[in-house]
Amino acid sequence: MSVITVTDKRILLVTDRDDIQETVEMFFSLLPGELDTYPEAAYFADTFRPRRSSTEAAQAELEAVTPGRREPILIILDGTVRRKTHDVNPGTGEAATAFLGWLEKHKPEIPVLVLSSTSLEGLELQVLARRNVALLDSKLDGPNGAHVDFAETLAGLVSPKRTTKRRITIEVGSDAAIYHIRNGHYEFVTGARAYSAKDNLNFLIGLLDQYSPYGEGHVPKKEWRGVLSMCGKMLFDVLIGDTIGPHLREMLQIAPVSPGESLAGGALLSNVELRFEINGDKEDAARLFNLPFELATPNVGDAQTFLCTRVPMARRIRLSDQGCDNRVLSGPRCVRPLRVLFVNASVSGTVTLVYESTGAPTQSQWLDSLQDTEAEFSVLDEISRVNGGAILEPPVRLGGGPSPVVGIALRNQIREHLLKGRYDIFHFSGHSTTLSDGSTFLILPGENGEALRLSVRAVAEWARDGGCRLVTLSSCRGSSVRTAIETMRRGVEAVVGFRWDVDERICIDYFREFYRAYLIDGRSISEAYCEACHRVHLCEMGSPLWASAVAVVRD
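Residue numbers (this note's numbering): 11 to 565.
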């Protein structure tokens, strides 16, 4: 009968400072009192903690591990430890950074907690690049008490037998980005990292401000895929490549998706999630919103992998508290069947829009009638019959039919239903457009061949006042920064739409996949968005619709 001793569960402490060792030992002595709050940290309790005073000694210790002796379950690394024990000069972070690189190559499964009191770029890059490295300020003066911060950080480190979804948020600015990594309880935030190729970012913004993958007659341009691939690779290199890029490449290689395979069954979907955050209060919000975050393309083998087809992701608009509704609307799902308001806004005729910034009208433009809005309604109607109606109530439909309500009467119906109907989802099927100043309008059928414009500002306010959680826009060019800001500012939890023109038939397929994942499978907005992009890309690779889809969330 074998006996497991305490030495079988050990943590390797790498520091040349006695005060850090004393502090770490004190934190472990206080750890049992924090396990009710951070139960995951119990994995690291009751351990033997040998110390090595240089990275050279620690590396030798790890290289000498024999088959009969277990690896350390954790390495606690002083960010300024010396490379050699007898080095005279104090450490600068170079030895710790090099040691992390060696661990990544030779011992990638051992989680590492780095203690550092100063911002060291090399260390931050290692934290961003690896899924099981955490960084804790060794000044240890957190608001909750230093030992609490220590316990929280331990809880966020993934042990070999656990899997935790890693949320990576990139705050995108004009000159620099800030990276947040949340892993369970633990959150790591970098300093602002200046772009190495800012001109490439400005080039992308300028290019996509005018670009559409569709040409005359709503036919995709021959070069659209090459253009978007170029943009995606350029964006990946500027924003992602040397920061979170190594981690994403690793995940994509670990969890390849075979043709026809659902992402719901893959390891990737359960391990990482992306957010691209833009400050909606700044003047450059519209420019940055134009960036093709969803199309970022890493080089993984020979495959062309657009991140939106493999990684759950969404955009997020950050707004100041002033004028922003901070109610939390995300109550328990499936407590009752959800309610959806479906607007059939098929219209044929002319419409005149108005620049909201100046009040100047546009020239009238002709809109063709849409043929497949009823088929889109059928997607939701079918879901309402799943599980005996336990998921979704029969959708309420406005517009369409042999004697449709149009114009101001239809607008008033939409307003009253959103305000008083307690809907969870507002689904608009029709035309929409965004003007050069950001003004975004949904287009309603009007009277006498003249369509009626409906500002997205008004829809966002009605949705807010009625408690609507999700707005889906099955329409052309409805996913603008104005749509995102107005819906998020007024408290809607998420909006899904398209940045360019759409193909009606493929749009039906997209929302069938999205609603199946979101409503039937119970997946999050970002997961359902990714699943729909993956499926439509797989089946309709020649259409740009999947590349046009954008999800914005308020989580």
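Quick reminder that beta carbons are idealized off the backbone N, C-alpha and C, glycines included.
>> Check for me: the beta strand (DSSP E) holding valine 24 runs from which residue to which?
In response: Residue numbering aside, residue 24 sits at position 14 when the sequence shown is read from its first letter. Residues 21 to 24.
> Rounded to whole angstroms, how far is the Cβ of leucine 555 from the Cβ of tyrosine 525, which I believe are closer than 8 Å?
Replying inline: The residue given as residue 555 occupies position 545 in the sequence shown. The residue given as residue 525 occupies position 515 in the sequence shown. 16 Å between Cβ atoms; not a contact.
>> Quick check on the DSSP output: the beta strand (DSSP E) that includes aspartate 147 runs from which residue to which?
In response: The residue you call residue 147 lines up with position 137 of the sequence shown. Note, aspartate 147: beta strand (DSSP E), 143 to 147.
>> Rounded to whole angstroms, what is the Cα-Cα separation between arginine 500 and aspartate 29?
In response: Reading the sequence shown from its first residue, position 490 is the one you call residue 500. Reading the sequence shown from its first residue, position 19 is the one you call residue 29. Whole-angstrom Cα-Cα distance: 50 Å.
> What is the DSSP secondary structure of histidine 96, reduced to helix, strand or coil?
Replying inline: For the purposes of this step, residue 96 is taken as the residue at position 86 of the sequence shown. Three-state result, histidine 96: coil.
>> Am I right that alanine 68 and phenylalanine 109 are in contact with their C-beta atoms under 8 Å? What's the rounded C-beta distance?
In response: In the sequence shown, the residue the question calls residue 68 occupies position 58. In the sequence shown, the residue the question calls residue 109 occupies position 99. Yes, alanine 68 and phenylalanine 109 are in contact; Cβ-Cβ is about 7 Å, under 8 Å.
> What three-state label does DSSP hand asparagine 193 in the structure shown?
Replying inline: Locating residue 193 in the sequence shown gives position 183, counting from the first residue. Here asparagine 193 sits in strand by DSSP.
> How would you label isoleucine 495, buried or exposed, when you count the other beta carbons within 10 angstroms and need 16 or more for buried?
Replying inline: Taking the first residue of the sequence shown as position 1, residue 495 is located at position 485. Isoleucine 495 is buried by the Cβ-count criterion.
> In whole angstroms, what is the alpha-carbon distance linking serine 202 and arginine 27?
Replying inline: Here residue 202 refers to the residue found at position 192 when the sequence shown is read from its first residue. Here residue 27 refers to the residue found at position 17 when the sequence shown is read from its first residue. Residue identity differs from the one stated: residue 202 is alanine in this sequence, not serine. Going by the C-alpha atoms only, they are around 29 Å apart.
> Counting Cβ pairs, one atom from each stretch, are 3 or more of them under 8 Å apart for the stretch 361 to 369 and the stretch 442 to 457?
Replying inline: yes
>> Does tyrosine 520 come out as helix, strand or coil in the three-state DSSP assignment?
In response: Along the sequence shown, read from residue 1 onward, the residue named residue 520 stands at position 510. Three-state result, tyrosine 520: helix.
> Given aspartate 312, which residues of its chain have a CB within under 6 Å of its CB, disregarding the five upstream and five downstream residues?
Replying inline: Against the sequence shown, residue 312 aligns to sequence position 302. Low per-residue confidence applies at aspartate 312: pLDDT is 48, beneath 50, and the placement is therefore not dependable, though the value from the model is reported in the following sentence. So the list is empty, once near-sequence residues are dropped.
>> So cysteine 241 and cysteine 543 are supposed to be a Cβ contact under 8 Å. How far apart are they, rounded?
In response: Position 231 of the sequence shown, counted from the first residue, corresponds to residue 241. Position 533 of the sequence shown, counted from the first residue, corresponds to residue 543. At roughly 16 Å, the Cβ-Cβ gap does not stay under 8 Å, so cysteine 241 and cysteine 543 are not in contact.
> Would the beta-carbon of isoleucine 516 fall within 8 Å of that of glutamate 550?
Replying inline: Locating residue 516 in the sequence shown gives position 506, where the first residue counts as 1. Locating residue 550 in the sequence shown gives position 540, where the first residue counts as 1. For isoleucine 516 and glutamate 550, yes; Cβs fall inside 8 Å.
> For the beta strand (DSSP E) that contains aspartate 240, what are its first and last residues?
Replying inline: Position 230 of the sequence shown holds residue 240. The sequence given here has methionine at residue 240, not aspartate. Note, methionine 240: premise wrong, no beta strand (DSSP E); alpha helix (DSSP H) at 234 to 245.
>> Pop quiz: leucine 351 and glutamate 514 are said to be a contact at Cβ under 8 Å. What is the actual Cβ separation, rounded to whole angstroms?
In response: Counting from 1 along the sequence shown, the entry for residue 351 is found at position 341. Counting from 1 along the sequence shown, the entry for residue 514 is found at position 504. In fact, because the Cβ distance is near 20 Å, the residues do not count as touching under 8 Å.
>> At the level of alpha carbons, what is the spacing between arginine 93 and alanine 55?
In response: The sequence position of residue 93 within the sequence shown is 83, counting from 1. The sequence position of residue 55 within the sequence shown is 45, counting from 1. Cα-Cα distance, rounded: 28 Å.
> Taking the Cβ atom as the reference point for each residue, do serine 536 and methionine 323 lie within a distance shorter than 8 Å?
Replying inline: Position 526 of the sequence shown, counting from 1, holds the residue named residue 536. Position 313 of the sequence shown, counting from 1, holds the residue named residue 323. Yes, the Cβ-Cβ distance between serine 536 and methionine 323 is below 8 Å.
>> If you follow the alpha helix (DSSP H) that glutamine 31 is in, where does it begin and where does it stop?
In response: Taking the first residue of the sequence shown as 1, we reach residue 31 at position 21. Start and end: 28 to 40.
>> If I measure Cβ to Cβ from glutamine 373 and keep anything under 8 Å in the same chain, skipping five residues before and after, which residues do I get?
In response: Within the sequence shown, the letter at position 363 stands for residue 373. So the list reads Thr362, once near-sequence residues are dropped.
>> Which of the three DSSP states is assigned to threonine 307 in this structure?
In response: Taking the first residue of the sequence shown as 1, we reach residue 307 at position 297. Of the three classes helix, strand and coil, the one that applies to threonine 307 here is coil, per DSSP.
> Given alanine 207, which residues of its chain have a CB within under 6 Å of its CB, disregarding the five upstream and five downstream residues?
Replying inline: Within the sequence shown, numbered from 1, the residue matching residue 207 stands at position 197. For alanine 207, where only same-chain residues beyond five positions count, the Cβ hits under 6 Å are Val248.
> Starting from leucine 480 and walking both ways along the alpha helix (DSSP H), at which residues does that stretch end?
Replying inline: Your numbering for residue 480 matches position 470 in the sequence shown. Run containing leucine 480: none in the alpha helix (DSSP H); it sits in the beta strand (DSSP E), 480 to 484.
> In or out: alanine 473 buried (at least 16 other Cβ within 10 Å) or exposed?
Replying inline: The count along the sequence shown starts at 1 and reaches residue 473 at position 463. Alanine 473 is buried by the Cβ-count criterion.
> By Cβ distance, which residues of its chain are closer than 6 Å to leucine 84, with the 5 residues on each side in sequence left out?
Replying inline: Taking the sequence shown and counting its residues from 1, one reaches residue 84 at position 74. Excluding residues within five positions, the ones whose Cβ falls inside 6 Å are Ile21, Phe54, Pro121.
> Quick one: what's arginine 474 bridged to in DSSP?
Replying inline: What you label residue 474 is simply residue 464 of the sequence shown in a count that begins at 1. In DSSP, arginine 474 forms no bridge with anything.
> Between arginine 297 and the rest of its own chain, which residues show a CB-CB distance below 7 Å, the 5 nearest in sequence each way excluded?
Replying inline: In the sequence shown, the residue the question calls residue 297 occupies position 287. Taking arginine 297 as the centre and dropping the five residues before and after it, the same chain places the C-beta of Ile215 closer than 7 Å to its C-beta, in chain order.
>> Give me, in chain order, the residues of the same chain whose beta-carbon lies closer than 7 Å to that of alanine 161; leave out the 5 immediate sequence neighbours on both sides.
In response: As a working mapping, residue 161 is identified with position 151 in the sequence shown. The beta carbon of alanine 161 sits closer than 7 Å to those of Leu41, Glu44, Tyr48, Ala51, all from its chain and outside the five residues before and after it, given in chain order.
>> Within 10 Å of its beta-carbon, does asparagine 354 have 16 or more other beta-carbons around it, so buried, or fewer, so exposed?
In response: As a working mapping, residue 354 is identified with position 344 in the sequence shown. Answer is buried; the Cβ neighbour count reaches 16.
> Between valine 91 and valine 24, which are expected to be in contact by the criterion C-beta below 8 Å, what is the C-beta distance as a whole number of angstroms?
Replying inline: Here residue 91 corresponds to residue number 81 of the sequence shown, with the count starting at 1. Here residue 24 corresponds to residue number 14 of the sequence shown, with the count starting at 1. Contact flag correct, Cβ pair sits at about 6 Å.
> Do the CB positions of glycine 417 and leucine 462 come within less than 8 Å of each other?
Replying inline: For the purposes of this step, residue 417 is taken as residue 407 along the sequence shown, with counting starting at 1. For the purposes of this step, residue 462 is taken as residue 452 along the sequence shown, with counting starting at 1. Closer than 8 Å, so yes.
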